[in-house]
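Protein chains in written order, with our numbering: chain A, 1233 to 1397; chain B, 9 to 162.
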């Protein structure tokens, strides 16, 4: 049985994260993946494409969680986003779930993310559910994040699943 | 980039052009720096042993990004990835480095995809695919699905 204080986290929104899409950061990301698509790394090529500028690979924005600054007043950490996610994980640890693994992700992409965009990410605890029995017992944490750009256009929505034992 | 594929040219049951990848300890460090995931599970054997895993493991999110590349390479500049999802099913271990830039011999991973559905929705020419990452033994360690929108010839 999930403790009440864990259940009470369902529906709560984390601190909002704001970050800029920098060309160099996109290039380092592409290099880490080994994905040298010229739309990501060649400004001249990308400029002549239908996008008109360097774009970030799909997936880039969901892997910048820990870098963004927050538009909320600074708390105990310089980055409220991770401290808020950590607050959920810590609550699960206090309830006896000490290990966390990444379970997967679902994306819906709406419009491309271009170098120079400013992205705002807002996350919410979509659901926390206990599954399995005995040794297989685990808690599934579903976090939904909505990404918007500087024009208030929705660029993507993700749902991340983490598994806690 | 590679030549453009068009919606008319693909068939349900067809294959997405496979993409091979080699995870190395160096790649994991680059990935950690590039995305800011500093979980020691991916670089610190002292830590991994303490949680019962022999050695550092490949980030699920890196395998996700390989699968995204599988789709974006295939769909070309005029294609658009509209939906993507994946689930991490099993652990993968990176190859250690032999030199500053070369990994030891060992495992090679292959990202694969199969076209499951071809349809038109809201005037968009869509293709659904089932996708996966196979390890060196041909076992699927990550799987998922993707929807791309392809250009039409005429």
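Beta carbons: idealized from backbone N, C-alpha and C, even for Gly.
| query | result |
| --- | --- |
| At the 8 Å Cβ level, is residue 44(B) part of the contact set with chain A, yes or no? | yes |
| Buried or exposed: where does residue 71(B) fall if 16 or more other Cβ atoms within 10 Å of its Cβ makes it buried? | buried |
| How long is the line joining the alpha carbons of residue 19(B) and residue 62(B), rounded to whole angstroms? | 43 Å |
| Suppose you measure from the CA of residue 120(B) to the CA of residue 148(B); what does that come to, to the nearest Å? | 10 Å |
| If we define contact as Cβ-Cβ less than 8 Å, is residue 1285(A) a contact residue for chain B? | no |
| Is it true that the CB of residue 156(B) sits closer than 8 Å to the CB of residue 83(B)? | yes |
| If you reduce the DSSP assignment to three classes, tell me which class residue 1326(A) lands in. | helix |
| Taking the Cβ atom as the reference point for each residue, do residue 102(B) and residue 35(B) lie within a distance shorter than 8 Å? | yes |
| From the DSSP output, read off the bridge partner residues of residue 133(B). | 128(B) |
| Work out the CA separation of residue 1340(A) and residue 91(B) for me, nearest whole Å. | 5 Å |
| Do you know whose CA, among 1263(A), 1360(A), 1374(A) and 1353(A), lies nearest residue 1384(A)'s CA? | 1353(A) |
| What would DSSP say about residue 54(B), mapped onto helix, strand or coil? | helix |
| Helix, strand or coil for residue 61(B), going by three-state DSSP, please let me know. | coil |
| Spatial neighbours of residue 1273(A) within its chain, please: C-beta separation below 7 Å, excluding the five flanking residues on both sides. | 1259 and 1262 |
| Near residue 144(B), what residues of its chain come up, given a Cβ to Cβ distance below 8 Å and the 5 sequence neighbours on each side ignored? | 114, 115, 116 and 117 |
| Measure the alpha-carbon distance for residue 1304(A) versus residue 1248(A) and round it to whole angstroms. | Bear in mind that the predicted position of residue 1304(A) carries a pLDDT of just 45, short of 50, making it too unreliable to give a figure here. |
| Relative to the alpha-carbon of residue 1396(A), which residue among 1380(A), 1381(A), 1327(A) and 1358(A) has its alpha-carbon at the smallest distance? | 1327(A) |
| For residue 46(B), which residues of its own chain have a beta-carbon under 7 Å away from its beta-carbon, when the five flanking residues on both sides are left out? | 40 |
| Output yes if chain A places a C-beta closer than 8 Å to the C-beta of residue 74(B); else output no. | yes |
| How about residue 1389(A): is its C-beta nearer than 8 Å to some C-beta of chain B? | no |
| Along the beta strand (DSSP E) that carries residue 1359(A), what are the first and last residues, could you check? | 1350 to 1363 |
| Using C-beta distances below 7 Å, list every residue in its chain close to residue 53(B), excluding the 5 sequence neighbours before and after it, in chain order. | 63 and 64 |
| Within 10 Å of its beta-carbon, does residue 1310(A) have 16 or more other beta-carbons around it, so buried, or fewer, so exposed? | With a pLDDT of 38 at residue 1310(A), under the threshold of 50, the modelled position of this residue cannot be trusted, and the question is left open. |
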